[in-house]
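Visitor: Note that the sequence shown covers residues 1 to 429 in this note's numbering. Positions of the beta carbon are idealized from the N, C-alpha and C atoms, including for glycine. Quantities reported herein were computed from a predicted structural model and do not represent experimental measurements. First the structure, which I've put down as structure tokens, then a few questions once you've had a look.
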Amino acid sequence: MSNTLVNGLMSFIDQSPSMFHAADTIISQLESNGFSYLDPSSNWNLEVNGKYYVTSNQSAVIAFIVNSTAVENEGFKIVGAHTDVPGFRIKPNPQMTTESYVKLNTEIYGGPILNTWLDRPLSAAGRVALKSDNVLRPTIKLVDLERPLLIIPNLAIHMNRDVNNGVKLNAQKETLPVVSYVKEKLEGNIILEEVAKKLNVAPSDILEMDLFLYPTEKSCMVGLNEEFISASRLDDLSMVYSGLHALLNSSSASGVNVLACFDNEEVGSTSKQGANSPFLGTTLERIAVSLGKSREDYFRALAHSFIISADVAHLLHPNYPEKSDPTNKVLPGNGPAIKLSASCSYTTDSDSFGVFAHLCDSNNIPYQVFVNRSDERGGSTIGPVTASHIAIRSVDIGTPMLSMHSARELMASADFIHTTSAMLAFYNL
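Written out as structure tokens, the structure is:
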């Protein structure tokens, strides 16, 4: 089961080079397991033991199982994660020529470790809007160019003798990927034509594209005994997959099990498909209404609900142990980390900590505790955003990892398995 689970994660990541592909891969697995799509513009007729999902922007998905109609007394059990990752988005009119080199103009998305993207074979994937008969409804297609088309070359050490002392990269100048070279002036738009060819459409039919760069190397196991997972996009697709696997394998007679996979967490969640939107709240309310409940019943359901905000945590780094808190050291193989912060950048408090700790203890699942050093500023998650909207008790947890926000990240497979087990135990309550 362990190897099957890890292989499933690596396959999921490799099939999900963009947030749009991640959502599409989630939907494919949901539909293969009997989940039905709910049209937001139609009436919902939900049934006990029914399995359903809704989407936003083709990049966010909320899936749920109706275990019981008594949601006002039993509440929602929610796992929340995000589909987007730090990297580079290709700008409109991206083609640039420097001497004979053809480059693409890009914009940084989120907070990637820039130098990890240099000298790697890259491709591009995302979403394309095409002309249709309805001006208000363009035809939408996903595209993955798949093959290594791009690379961001480093400057040779002979031209920058101080490179190993640290280099600050200029995002507009020094992280632009090379796509080709030419001897004469290049006409047309290389990337547009490549996308059109891939989709078998005319370039003139393409209205706009949401295209993101991604490393083409596949996920793999590394280590003396293959104890680590090395992959792109472990933050946060590993948590998405843990929640998805747990939901698909859950068995409960209580309340409603919910998996919420948001987009745009890496840039603040302020979008219609982000956690800082009505997407989750309106979905939960529509579930209650569709089960014949009143608005009062919906608020009662929220009072009985609990959310696990699932975003990866930091492992203690063996080469930088001083960067970790001196009394709360997160080590590989010791399970998911419960994340706390005095600044409330995580939602965990003693109440929600106790819930998750007891859940793990009851199922023989190890867990550990993460807090930032007091002189280091940490990140945040979807947890505080969702909690501020719907006021559900919430805990922040994550599978610990190294190289967070690198083009290639590292995670102990045992910790990923323990996290998945904890989410399954939660859904089975």
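Taking 8 Å as the cut-off, decide whether the C-beta atoms of Leu-302 and Leu-316 are in contact.
Guide: no
Visitor: Rank Pro-278, His-245, Asn-105 and Gly-292 by C-alpha distance to the C-alpha of Asn-428 and give the top, closest one.
Guide: His-245
Visitor: DSSP three-state label for Pro-321, please.
Guide: helix
Visitor: Rank Asn-328, Asn-225 and Arg-408 by C-alpha distance to the C-alpha of Val-369 and give the top, closest one.
Guide: Asn-328
Visitor: Can you grab the Cα-Cα spacing for the pair Ser-436 / Ser-230, in whole Å?
Guide: In the structure as shown, the chain starts at 1 and stops at 429, and residue 436 therefore has no counterpart that could be examined.
Visitor: So for Asn-105, helix, strand or coil by DSSP?
Guide: strand
Visitor: Please classify Glu-47: is it buried, with 16 or more other beta-carbons within 10 angstroms of its beta-carbon, or exposed?
Guide: exposed
Visitor: Quick test of the definition: if touching needs 3 or more C-beta pairs under 8 Å, does the region 252-259 touch the region 85-104?
Guide: no
Visitor: Just list the residues that DSSP pairs Phe-262 with in beta bridges.
Guide: His-82
Visitor: Going by DSSP in three states, Val-48 sits in which element: helix, strand or coil?
Guide: coil
Visitor: Mind reading off the beta-carbon distance from Ile-65 to Ser-250? Whole number of angstroms is fine, and I expect it under 8 Å.
Guide: 7 Å
Visitor: If you check the beta carbons only, do Ser-28 and Lys-51 fall under 8 Å apart?
Guide: Contact: no.
Visitor: Determine the burial state of Ile-157: buried for a count of at least 16 other Cβ atoms within 10 Å of its Cβ, exposed for fewer.
Guide: exposed
Visitor: Less than 8 Å between the beta carbons of Ala-23 and Ser-68, yes or no?
Guide: no
Visitor: What separation, rounded to the nearest whole angstrom, lies between the Cα atoms of Ala-342 and Leu-176?
Guide: Those two C-alpha atoms are separated by around 39 Å.
Visitor: Kindly list the residues whose CB is nearer than 8 Å to the CB of Ile-338, restricted to its own chain and excluding five residues on each side of it in sequence; keep chain order.
Guide: Thr-348, Phe-353, Phe-356, Ala-357, Tyr-367, Gln-368, Val-369, Phe-370, Val-395, Asp-396 and Ile-397
Visitor: Can you pull the DSSP bridge partners for Ile-308?
Guide: Val-79 and Val-395
Visitor: Quick check: what's the CA-CA separation for Leu-207 versus Ser-219?
Guide: Within the model, the alpha-carbon separation for Leu-207 versus Ser-219 is close to 33 Å.
Visitor: Does DSSP put Ala-129 in a helix, in a strand, or in coil?
Guide: strand
Visitor: Quick check on Gly-335: does DSSP put it in helix, strand or coil?
Guide: coil
Visitor: Are the beta-carbon atoms belonging to Val-79 and Met-423 less than 8 Å from one another?
Guide: yes
Visitor: Would you give the residue range spanned by the beta strand (DSSP E) that Arg-89 belongs to?
Guide: Membership of Arg-89 in the beta strand (DSSP E) is indicated by the continuous run 87-98.
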